[in-house]
Structure formats: structure tokens, C-alpha cells
Amino acid sequence: MSEQLTLYLHKVSPFSQKIQLALAEANAPYRAYQVNLRNKPEWFTSKLNPVGQVPVLTYGGPNVNPEDPSSLSAKIVESNVILEFLADLYPNSGLLPKDPVLRAKVRFFIDATMKHVEGTYLAFVQGNESFDNVLKAIEFIQELLEEGRNFAVGDHYTIADACISPHLARLKIVTETDIGNFPAGMGYRLGEELEGPRFAKFKKYAQRMLDRPGFQQTHDEEAIIGYFKRRFTNRIQ
Amino acid sequence: MSEQLTLYLNKVLLALVEANIPYKSYQVDLLNKPEWFTSKVNPAGKVPVVTYGGPSVEPDDPSPLSVKITESIVILEFLADLYPDSGLLPKDPVLRAKVRFFIDATSKHVKGKAQGFMRGSESYDNILKGYEFIQDLLEEGSDFAVGDHYTIADAYISMFLASLKIVIENDIGNFRVGMGYKLGEELKGPKFAKFMTYVQRVLDRPSFKQSYDEESTIAYFKTSYTERVQ
């Protein structure tokens, strides 16, 4: 794999972290560049992503300074598209299994993460979703997990695990700090529910994901808490 | 619910037909679901669902030995995996990423907006922006969303384009009277030429024509959208 890979990211972005996790799993050499999202460089929106969001992965083209991206590199955006791209570049990494049925299970897990975690759970933190619906959403994810298995699908770390892990860390922060736009105390209450027997399987899986060295190396808890405190200042009553 | 049946079922049907994949099909009455469907095929009760493997059985007598796969995009990727030489997905990783980005863009900029527009809750300007986003991804004069072969990107977007045609030709929807026609006029302008060329090509494909029943979709839309926004 001689083509260059550069990941434009931000340390509080769960979507960026998904990619870092997958790259680590594939042992893929890459350069990381943190984009100042509050003061976006002109070259970022004009040469990399007009939408102005991270993550962006550049692939191929000459080796250049990340602040001077080449027009010759491919620019890949959308975290789940990038995850699939890495699985294609590294077909023997286990990021996606070889068997089509297992691959479908990985994708179904990612689809469920998008709907129930990136959808329902994030809406709850933003103050736009009910507590009951969050529990149902987490239960949906839990049903997909197999008892005694270490990973979301099969017996190897896949892009399904990479996709959900950053959100699991932020869920933990919410339950420990009660930071969010939901009514005061609902974060703590969510934490209590997740400690109960009903969610034992989910909790065990989440802890395994957060304990992984690849995860801990890319997780900046303080920065995320700081960001959450600035972002979620509008409690609903 | 025959529109929903056509809308979701056909993304997968189109891919099956384009790739010449042998399959059996069964039309599920979503308003009157058979018990075996929810108990043996999909507890969530939705279509499309694909069963794969197991013994050859009648569709209404599914075997526990087959694998059940749900969610249109997951099924489309599954078919591309089963038939890697069909062109449903290109072999090159960068082109594959383009196909997936196109599907993601369709989901974000067309699917939600189009449904919102028809329900009367999405603005006219936003739906145009959505089509413009898609247009920017298309290559001039190309028959296909990505590269030079029919991919799951084309299968995915087709039904939304079919619905668009119904809206602009019949003004059916909960938006203000005439907004459907107005949308059609705007899309006929030079600004959207590339987009509308692609739309026409997609809807002209034999695989599309044989899988799609426009009359019953129009009839369904007429019964679904009866409350005009003022």
C-alpha cells in the first residue's frame, strides 16, 4: 500500500475517531491533521470539503504538506463511506469479513448505529428525544450483540465496532456528567438504567470497546467534556 | 401501502434485474401481513427482505435455514458482494467510495427532502438544493451515477426520480397547489439540464420499465396526499 493517506480530523469529533480506529486496526500508515473547525482554513473548504466537515481522507497523489492538498489525490468524505473504503484498501485486515452474509451483518449493525445511536441517542442529548426511546434504541443495538462475543459481528474487530465505539465513549460521559440538553438528572438516570441487568450485555460490549488500546490512544476525554459543556447549554425543562 | 411497496422493493429489484441475478419474488400485502412473514422472515414487518440460501421452498413457506437480510442499502451491498463481476459495484476502491457517497447523498439530499416536500413540510428551495447537490456529482452526458456501468447508486436513486416525475407531471402532493408543476418548470431550465438528462436515462432503462408500475403508484399517491398546505 504505497499510496499516501492523510486524515483530516478533529479530536472531539466521533466521526473522525471512527476512522482513526479503523486505520489503527488495519495497521495502515497515515498522516493525521487536526482542522481548526472554529476558524476553518480557506484551503479546507475549497480543496477538501466544501461542506467544511471532518473527517476527510485524502488518498494517493504526491506527498504534500497537509495544508497544501494536491488536486491529484482522491478526497473521500462521510465517515461510513471512508470506513468501507479502508475495508476495500485492506481486504485482509478483517475490517470487513470475507463472507457476504457476515458483511451484511456488519452493514446492518452500522445502519442500526446510524438510526438508533447517531439518530435517536444524539437527539436525546440535544434535547429532542424521549428517555424511553433512547432505552429502546440501546436495546435494539443490544439485541444484535451475541452473548460471549467480543465484537459486534463475528470474531474480529470490524468497521461496525469502529463505527459505534466513539459514541459509546460519549454516552459514558453523558451518564457520568449529566451534560446535555435533556432535563437535569436524565443523564444520571440513563447511567443507572444501563448499570441494571437489562443492559448487561450492552454494557459489557461497550466497556470492551473502550478498554482497547487503539481506542484509548485516540480518545481525549477532557477535550470532549469541554466541548460538551460549551455545546449543550439549553436544558429543556 | 402499495407505494411503499414499490418505492422500497424496487431499489433491490432493479439491481437484481440489471445484474441478471436469478431470484424469486413475493409481494407482501403490507396492510394485511401474513403471520409467517413477521414470525419467520422479518419481525419488524418491513420490506424489502431477501432470504439467501437454505432449501428451495415456496416464498410463503420460508425455511429457518435461510439467512434473512433487511434494509435496502445492506441488501444492495450484499448483492454486489455475491456478484462481484456484475458491475453493481466497481472494483476500484475510489470508485466504490464514489458509489457509496452518491447513495449517502441521495439519502441525505433527496430522500428526506422529497418525502418532506410531498407531505407539505419541506421548502421548495430546499428540494431544489437537494437536486443540485446530486447534479454536481454527475458527469456530463453519462448514463450512470458513477463510472460507466450501472451500479447500486443508480438502483438506489431510481425510485426517487420516478416519484419526482409523478410530482412534476401531476402536481400530486400536500404542497400548495401548483408547486409540483412549478418544480417541473424550474427543472426544465438550463440550470438542471444535466440532472434531467440523467433522470430521463434512468427512467428509460428497460430494467426500470419492467419493474415499475407508474399507474398504481400515481393512484397510491393520490390517496396518500390529500391535505394541501395553504
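One line per chain: the protein sequences are W and C, in this order.
Okay, so the first sequence: first residue is 3 according to the numbering used here, each after it adds one.
Okay, so the second sequence: first residue is -13 according to the numbering used here, each after it adds one.
C-beta atoms are modelled at their ideal positions from N, C-alpha and C, and glycine is treated no differently.
Note that the structure is a prediction, hence the values are computed from the model and not measured.
Using a Cβ-Cβ cutoff of less than 6 Å, which residues in the same chain neighbour residue 74(W) once the five nearest sequence positions on both sides are dropped? Excluding residues up to 5 positions away in sequence, 63 lie with their Cβ nearer than 6 Å to the Cβ of residue 74(W) in the same chain.
Regarding residue 59(W) and the ligand FAD, is the C-beta to nearest heavy atom distance less than 8 Å? Questions concerning the ligand FAD fall outside what the structure shown contains, since it holds no ligand whatsoever.
So is residue -10(C) in contact with chain W if we call contact Cβ pairs under 9 Å? Per-residue confidence for residue -10(C) stands at a pLDDT of 38, beneath the threshold of 50, marking its modelled position as unreliable; the derived number appears in the next sentence. By this cut-off, residue -10(C) is not an interface position.
Roughly how many angstroms lie between the CA atoms of residue 222(W) and residue 19(W), to the nearest whole one? Each residue's Cα considered, the two are about 10 Å apart.
Nearest to residue 56(C) by CA position, among 64(C), 172(C) and 83(C), is which residue? Residue 64(C) is the option with its Cα nearest to residue 56(C).
Determine the DSSP secondary structure at residue 183(C), reduced to helix, strand or coil. If DSSP states are grouped into helix, strand and coil, residue 183(C) belongs with the helices.
When the cut-off is 9 Å and only beta carbons count, does residue 170(C) lie next to chain W? For residue 170(C), the answer is no, since every Cβ of chain W falls outside 9 Å of its Cβ.
Could you tell me whether any Cβ in chain C is nearer than 9 Å to the Cβ of residue 27(W)? False, the Cβ-Cβ gap to chain C never drops below 9 Å.
Measuring only the C-alpha atoms, how far is residue 115(C) from residue 78(W)? Approximately 21 Å, taken between the alpha carbons.
Going by DSSP, which residues form a beta bridge with residue 33(W)? 8(W), per the DSSP bridge assignment.
Beta-carbon spacing of residue 38(C), residue 103(W) below 9 Å: Yes, Cβ-Cβ distance for residue 38(C) and residue 103(W) is below 9 Å.
Starting from the beta carbon of residue 102(W), find every residue of chain C whose beta carbon is closer than 7 Å, and list them in chain order. Result: 64, 67 and 68.
Which same chain residues, not among the five before or five after residue 47(C), have their C-beta less than 8 Å away from its C-beta? Sequence-distant partners of residue 47(C) (beyond 5 residues in either direction) whose C-beta falls short of 8 Å from its own C-beta, in its chain, are 22.
In or out: residue 71(W) buried (at least 16 other Cβ within 10 Å) or exposed? By the 16-neighbour rule on beta-carbons within 10 angstroms, residue 71(W) is buried.
Residue 55(C) - DSSP class collapsed to helix/strand/coil: In this structure, DSSP gives residue 55(C) an extended state, which the three-state scheme calls strand.
Taking DSSP as the reference, what is the three-state secondary structure of residue 136(C)? Secondary structure of residue 136(C) (DSSP, three-state): coil.
Is there contact between the segment -5 to 9 of chain C and the segment 198 to 209 of chain W, where contact requires at least three CB pairs shorter than 8 Å? No contact exists between the segment -5 to 9 of chain C and the segment 198 to 209 of chain W.
So is residue 6(C) in contact with chain W if we call contact Cβ pairs under 9 Å? Judged by the 9 Å Cβ criterion, residue 6(C) is not in contact with chain W.
Taking the alpha carbon of residue 217(C) as the reference point, which residue from 65(W), 107(W), 9(W) and 54(W) has its own alpha carbon closest? No statement about residue 217(C) is possible, as the shown extent of chain C runs from -13 to 216 and does not include it.
Using a Cβ-Cβ cut-off of 7 Å (strictly less than) and excluding sequence neighbours within five positions of residue 9(C), which residues of its own chain qualify? Exclusion of the five residues before and after residue 9(C) leaves 2 as the residues of its chain whose Cβ lies within less than 7 Å of its Cβ.
Considering just the uninterrupted stretch of the beta strand (DSSP E) at residue 59(W), what are its terminal residues? Per DSSP, the continuous beta strand (DSSP E) segment holding residue 59(W) begins and ends at 58 to 61.
Residue 203(C) lies in the alpha helix (DSSP H); which residues open and close that run? Where residue 203(C) is concerned, the enclosing alpha helix (DSSP H) stretches over 200 to 210.
Closer than 8 Å between beta carbons: that is the criterion. Which residues of the segment 64 to 84 of chain W meet it against chain C? Flagged, chain order: 76, 78, 79, 80, 82, 83 and 84.
Hey, residue -3(C) and residue 91(C): beta-carbon distance below 9 Å or not? Contact: no.
Give me the subset of the segment 80 to 112 of chain C whose CB atoms are less than 7 Å from a CB atom of chain B, sorted by chain position. Structure shown: chain B not included; protein chains present are W and C.
Kindly give me the distance between the Cβ atoms of residue 154(W) and residue 184(W), rounded to whole angstroms, as I take these residues to be in contact under 8 Å. About 26 Å separates the two Cβ atoms, so there is no contact after all.
Could you tell me which chain C residues have their CB closer than 8 Å to the CB of residue 91(W), listed as they occur along the chain? Against residue 91(W), the close residues of chain C are 79, in the order they occur along the chain (beta-carbon pairs closer than 8 Å).
Contacts of residue 3(C) in chain W (Cβ-Cβ under 8 Å): Proximity of chain W to residue 3(C) at the Cβ level (cut-off 8 Å) is not reached, the minimal Cβ distance being about 20 Å.
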